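Heads up, the thing below is written out as structure tokens.
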Amino acid sequence: MPKEFVSPASSAGTVIEEHPALRPLAPVPPTGHIFDIRRRMGTVDMDERMCLRVDGIARQLQEAGVDHLFHVDAMDDHPHWIVRRTVIDVIRPIEWPAELRLRRWCSGLSPRWCNMRVRIDADNGGLIETEGFWIHMNKQTMGPSRVADRFFELMSSTTAEHRLRWQQWLTDQLPSVAGTRFPLRRTDIDHFDHLTNTAYWHGVHESCAEAADLMAGPHRYVLEYNKPVRFGEHVDIHTDRTADALTMWFAVDGDVRAIARLRALS
Numbered sequence: 266m267p268k269e270f271v272s273p274a275s276s277a278g279t280v281i282e283e284h285p286a287l288r289p290l291a292p293v294p295p296t297g298h299i300f301d302i303r304r305r306m307g308t309v310d311m312d313e314r315m316c317l318r319v320d321g322i323a324r325q326l327q328e329a330g331v332d333h334l335f336h337v338d339a340m341d342d343h344p345h346w347i348v349r350r351t352v353i354d355v356i357r358p359i360e361w362p363a364e365l366r367l368r369r370w371c372s373g374l375s376p377r378w379c380n381m382r383v384r385i386d387a388d389n390g391g392l393i394e395t396e397g398f399w400i401h402m403n404k405q406t407m408g409p410s411r412v413a414d415r416f417f418e419l420m421s422s423t424t425a426e427h428r429l430r431w432q433q434w435l436t437d438q439l440p441s442v443a444g445t446r447f448p449l450r451r452t453d454i455d456h457f458d459h460l461t462n463t464a465y466w467h468g469v470h471e472s473c474a475e476a477a478d479l480m481a482g483p484h485r486y487v488l489e490y491n492k493p494v495r496f497g498e499h500v501d502i503h504t505d506r507t508a509d510a511l512t513m514w515f516a517v518d519g520d521v522r523a524i525a526r527l528r529a530l531s
């Protein structure tokens, strides 16, 4: 499990850099286009402690993305997106009842994909920071598609990173331990005929139940989607626990479709 990586040696010697999965998320920018919306936390998204569950957070992010597209009149030209990675930092858990303020902005982009930051503040003091790697899709070819120039210009107003590249963070091999079956439901399938990204978080929430110590303070979830899961496939969740992290693999007959990790934030 990497905690750091070594950049090429320079004249000053080898430079040790923090692994990207451990880096802090970018702060709210002082200027540029920031989508700002408020909504109530729903009871359907709270856990037994009346806190906003991680799958509920994922739903908030998905709906905020749709609302954002409508707000900037971009839904007709950009209706189809998939999420390749989601980072969720629970700084202070959000307890029900709560009014949520979601601020959404771009923290890096290229012509076909972008990193979208969302900060969720609750009126009772809760705070969640998130970032998602979103890919604009052509539903006919099922491949990445260029965004419109107007959309690119608007999103670029909050970031200087205009050549964003995909870098996979979670590369651990599937462990040999047996997994636990993750039953699929018809309600988990989206319009791409794939397991919707929020449904993976149900499995993450279930798997993290035995890792309460990692969630006792601020903590981070990372979920990366490698290949789609289709209805009828048999998904197993394999887990590996270390002192500082819990890693989860969503696999179909040994083929890893997604990897998630929970770890405490220092």
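Numbered per my numbering, the sequence shown spans residues 266 to 531. Beta carbons: idealized from backbone N, C-alpha and C, even for Gly. Since this is a predicted model, take the numbers as computed values, not measurements.
Item	Value
For a test of the three-state rule: what should DSSP assign to E418, helix, strand or coil?	helix
Does the beta-carbon distance from R495 to M513 come in below 9 Å?	no
So what does DSSP say about I524, is it helix, strand or coil?	strand
Mapping the DSSP letters down to three states, classify I299 as helix, strand or coil.	coil
Of the residues D518, H345 and F335, which one's Cα is nearest the Cα of K404?	H345
Using a Cβ-Cβ cutoff of less than 8 Å, which residues in the same chain neighbour V319 once the five nearest sequence positions on both sides are dropped?	I353, V355, W466, V469, H470, C473 and Y486
The alpha helix (DSSP H) spanning F262 covers which residue range?	Lying before the first or after the last residue shown, residue 262 is absent from the chain, which here runs from 266 to 531.
Quick one: what's A529 bridged to in DSSP?	H484
Can you round the beta-carbon distance between T436 and G397 to whole angstroms, since I take them to be within the 8 Å contact cut?	Incorrect: roughly 19 Å between the Cβ atoms, too far for contact.
Between the region 499-515 and the region 400-419, do three or more beta carbon pairs fall short of 8 Å?	no
Can you name, in chain order, every residue of its own chain whose Cβ lies under 6 Å from the Cβ of G297, other than the five neighbours on each side?	S422 and T423
My guess is that D386 and R366 are in contact by the Cβ rule of under 8 Å, so how many angstroms apart are they, rounded?	5 Å
What residue ranges within the region 362-396 form continuous alpha helix (DSSP H) runs of no fewer than 4 residues, ordered along the chain?	none
P448: which of L530, V517 and E360 sits nearest, CA to CA?	V517
Can you find at least 3 beta carbon pairs, one from the region 358-375 and one from the region 296-312, that sit closer than 8 Å?	yes
Would you give the residue range spanned by the alpha helix (DSSP H) that V469 belongs to?	N462 to S472
DSSP three-state label for E475, please.	helix
If R324 sits next to T452, beta carbons under 8 Å apart, how far is it from one beta carbon to the other, in whole angstroms?	Contact flag wrong, Cβ pair sits at about 13 Å.
Just the Cα atoms here: how many angstroms apart are M420 and V383?	14 Å
For F515, count the other beta carbons within 10 Å of its own beta carbon; 16 or more makes it buried, fewer makes it exposed. Which is it?	buried
Can you tell me whether E269 is buried or exposed? The criterion is at least 16 other CB atoms within 10 Å of its CB, across all chains shown.	Because E269 carries a pLDDT of 40, less than 50, the predicted location of this residue cannot be relied on, and the following value inherits that uncertainty. Looking at its Cβ environment, which holds fewer than 16 other Cβ atoms inside 10 Å, E269 is exposed.
Looking at the unbroken beta strand (DSSP E) that takes in I359, where does it start and where does it end?	Per DSSP, I359 belongs to no beta strand (DSSP E) and is neither H nor E.
Given this structure, state the Cα-to-Cα distance separating R349 from D388, to the nearest angstrom.	30 Å
Output the boundary residues of the beta strand (DSSP E) element that contains R446.	T445 to F447
Between C316, S375 and W399, which lies nearest to W361 when the distance is taken from Cα to Cα?	C316
Do you know how far the Cα of G373 is from the Cα of I299?	14 Å
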